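>
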Amino acid sequence: MLEQYSVTDAVTGRAYLSIGRSGSNTTHNYFTAMSWLNDSQRLVATVNVDPKGTRGDYVLYDLQTGRTEPLPEDVRWGGGAVSFGNILYYLKDGGIRGYDPAKVDDFQVYASPDKEFFGPLSVTNDGRMLGVFWKSGEDWSIGRLEAATGRLLETLTPGFAKPYSMANHAMINPVEDNLIFFAHEGTTQFIPDRIWLWDIRQHGRETNSGAANPYRQRSMPDGQLGEYIGHEAWSWDGERLYFVKYSSSPLAPAGICYVTRQGTEFIHVNGDYRHWHVCSSPDGKWTVSDTEADGGTSSHIVLTEVATGKAEVLCTVKRWPNHPGHPHPSFSPDSRKVTFTCADENNCLRIGCMEI
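Per this note's numbering, the sequence shown runs over residues 302 to 657.
1) Less than 8 angstroms between the CB atoms is what I'm expecting for E528 and I496, so what's the real figure, rounded?
2) In whole angstroms, what separates the C-alpha of S307 from that of Y317?
3) Where does the unbroken beta strand (DSSP E) through H485 begin, and where does it stop?
4) So, is R658 buried or exposed, given that buried needs 16 or more other C-beta atoms within 10 angstroms?
5) Write down the C-beta distance between T642 and T328 rounded to the nearest angstrom, noting that I regard them as a contact closer than 8 angstroms.
6) Would you tell me roughly how many angstroms separate the C-alpha atoms of N648 and E566, rounded to the nearest one?
7) Using the three-state DSSP reduction, which class does T313 fall into: helix, strand or coil?
8) Inspect the CB distances between the stretch 577-590 and the stretch 513-527 and report whether three or more fall short of 8 angstroms.
9) Which residue's Cα is closest to the Cα of G386: E540, I657, D523, W337?
10) Can the beta-carbon of W577 be found closer than 8 angstroms to that of V545?
11) Tell me the DSSP secondary structure of V639 in three-state form.
12) Bridge partners of P371, per DSSP?
13) Measuring alpha carbon to alpha carbon, tell me which of I492, K393, D494, A513 ends up nearest I501.
14) Got a sec? Which residues, its chain only, sit under 8 angstroms from L422 by beta carbon, not counting five neighbours each side?
15) Where do the N-terminal and C-terminal ends of the beta strand (DSSP E) with M521 fall, by residue?
16) Only counting the same chain, and skipping five residues up and downstream in sequence, which positions put a Cβ closer than 7 angstroms to that of R651?
17) Nearest to E606 by CA position, among K404, N330, T640, C558, is which residue?
18) Would DSSP call L303 helix, strand or coil?
19) What three-state label does DSSP hand T333 in the structure shown?
20) Would the beta-carbon of V345 fall within 8 angstroms of that of L303?
21) In its own chain, which residues sit with a C-beta less than 8 angstroms from the C-beta of G531, not counting the 5 before and 5 after it?
22) According to DSSP, is I657 helix, strand or coil?
23) Leaving out five residues before and five after S550 in sequence, what residues of the same chain have Cβ atoms less than 6 angstroms from its Cβ?
24) How big is the Cα-Cα spacing for Y331 and S466?
25) For P583, count neighbouring Cβ atoms within 10 angstroms of its own Cβ and tell me buried if that reaches 16, exposed if not.
26) Assuming P554 and L526 make a contact with CB atoms under 8 angstroms, what is their CB distance in whole Å?
27) What's the gap between the Cα of H601 and the Cα of S442?
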């Protein structure tokens, strides 16, 4: 069973629920993936998370009744995503599975002996398609998976050169299911082409198989990279790809940014804080972000109004320097709650949930 109690931030005066188990680690999903069922009342939590963030057990927690229901156990941490149709897609034993809480039905979506899938998974708003990525041998690949049939429809292997050969964080556009974002992963100051969009309609028709950079990072006069970016996430209407330009970037401005899915417009939203991970609300009005602060032991949870760029600190929480203890804030489907992972006085992880 999970327990909850109220915490009031000493500076902002805002209260939030702290949800977890004494002496063990509890987290929500990665910030790019929904953690809630569509009633915005029941939350999928990962409990019994090991300190290295490799495994955990899913439960469904009802904020109003306090009821905890068991879900699939011994799953890979950070891989799950809840669809708006209330299906939990998750990673287990290298493959992809689904779970329907209403039917108590745990089913296989896709498995292959030569592919190891990684998370987080992504799913379209209509629940028809999943965006996935995997490693096979030394190659990283991106794909689109049909949820109902488990068919892997298209694949792309970007083939980035070593030592930064990883392509990850594949996220299918929530609305345009022929468009998939993926990241060129690596040490940020050495990655000049971080953001990629793969238009499946152009697959095989162009020299780069329909994949292109919608945002080209600027360089310094001496040729060194001037913008270090990462932690991307689609807006829920599929029109914008949000990302953070880190405060360590030589070229200003840093902070919360987005590029349109067509790659025709870049907007800097806010740079008041050392933003780290950013997620937009389903209604499109807000972003919530965490920050890098106090040498890796705490983080501000920041709410920003997209239209004006005005930002407000909701609370400051204790965090771990490494996964699984990053806050990774995100929204409920009704855009009225934000959740984040934080550490308690015993340095055990819990889920914070605040009404905005």
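Beta carbons: idealized from backbone N, C-alpha and C, even for Gly. These numbers were taken from a predicted model, which means no experiment stands behind them.
Looking at the coordinates:
1) The residue you call residue 528 lines up with position 227 of the sequence shown. The residue you call residue 496 lines up with position 195 of the sequence shown. No, E528 and I496 are not in contact; Cβ-Cβ is about 11 angstroms, not under 8 angstroms.
2) Position 6 of the sequence shown, counted from the first residue, corresponds to residue 307. Position 16 of the sequence shown, counted from the first residue, corresponds to residue 317. Distance from the CA of S307 to the CA of Y317, rounded to the nearest whole angstrom, comes to 6 angstroms.
3) Within the sequence shown, the letter at position 184 stands for residue 485. It spans 480-485 - the beta strand (DSSP E) in which H485 sits, taken as one unbroken run.
4) Nothing about residue 658 can be reported from this structure: the residues present for the chain run from 302 to 657 only.
5) Locating residue 642 in the sequence shown gives position 341, counting from the first residue. Locating residue 328 in the sequence shown gives position 27, counting from the first residue. Rounded, the Cβ-Cβ distance is 5 angstroms, consistent with contact.
6) As a first step, residue 648 is located in the sequence shown; it is residue number 347 there, counting from the start. As a first step, residue 566 is located in the sequence shown; it is residue number 265 there, counting from the start. Those two C-alpha atoms are separated by around 42 angstroms.
7) For the purposes of this step, residue 313 is taken as residue 12 along the sequence shown, with counting starting at 1. Coil at T313, not helix or strand.
8) no
9) Here residue 386 refers to the residue found at position 85 of the sequence shown. Residue W337 is the option with its Cα nearest to G386.
10) Walking along the sequence shown from the start, residue 577 turns up at place 276. Walking along the sequence shown from the start, residue 545 turns up at place 244. It is a contact, given that the beta carbons lie within the stated cut-off.
11) Translated into positions along the sequence shown, residue 639 becomes position 338. The answer is strand: DSSP assigns V639 an E or B state.
12) Here residue 371 refers to the residue found at position 70 of the sequence shown. DSSP lists V360 as partners of P371.
13) Locating residue 501 in the sequence shown gives position 200, counting from the first residue. Considering only alpha carbons, the answer is A513.
14) For the purposes of this step, residue 422 is taken as residue 121 along the sequence shown, with counting starting at 1. Same-chain partners within the cutoff: A334, G380, G381, A382, Y390, Y391, L392, I397, L431, G432, V433.
15) Here residue 521 is taken as the residue at index 220 of the sequence shown, counted from 1. Per DSSP, M521 belongs to no beta strand (DSSP E) and is neither H nor E.
16) Along the sequence shown, read from residue 1 onward, the residue named residue 651 stands at position 350. So the qualifying residues of the chain are S319, I320, G321, T327, C643, D645.
17) Taking the first residue of the sequence shown as position 1, residue 606 is located at position 305. Ranking the options by Cα distance to E606, first place goes to C558.
18) Indexing the sequence shown from 1 puts residue 303 at position 2. The answer is coil: DSSP assigns L303 none of H, G, I, E or B.
19) Mapped onto the sequence shown, residue 333 falls at position 32. T333: coil per DSSP, three-state reduction.
20) Mapped onto the sequence shown, residue 345 falls at position 44. Mapped onto the sequence shown, residue 303 falls at position 2. Going by C-beta atoms, V345 is not nearer than 8 angstroms to L303.
21) Indexing the sequence shown from 1 puts residue 531 at position 230. So the list reads A484, T489, R495, F544, V545, Y547, once near-sequence residues are dropped.
22) Reading the sequence shown from its first residue, position 356 is the one you call residue 657. The answer is coil: DSSP assigns I657 none of H, G, I, E or B.
23) On the sequence shown, residue 550 is found 249 positions in, with the first residue counted as 1. Here the set comprises E528, Y529.
24) As a working mapping, residue 331 is identified with position 30 in the sequence shown. As a working mapping, residue 466 is identified with position 165 in the sequence shown. Going by the C-alpha atoms only, they are around 23 angstroms apart.
25) In the sequence shown, counting from the first residue as 1, residue 583 sits at position 282. Buried: at least 16 other Cβ atoms inside 10 Å.
26) Stepping through the sequence shown from its first residue, residue 554 is reached at position 253. Stepping through the sequence shown from its first residue, residue 526 is reached at position 225. Actually they are not in contact, since the Cβ atoms of P554 and L526 sit about 16 angstroms apart, beyond 8 angstroms.
27) As a first step, residue 601 is located in the sequence shown; it is residue number 300 there, counting from the start. As a first step, residue 442 is located in the sequence shown; it is residue number 141 there, counting from the start. Those two C-alpha atoms are separated by around 35 angstroms.
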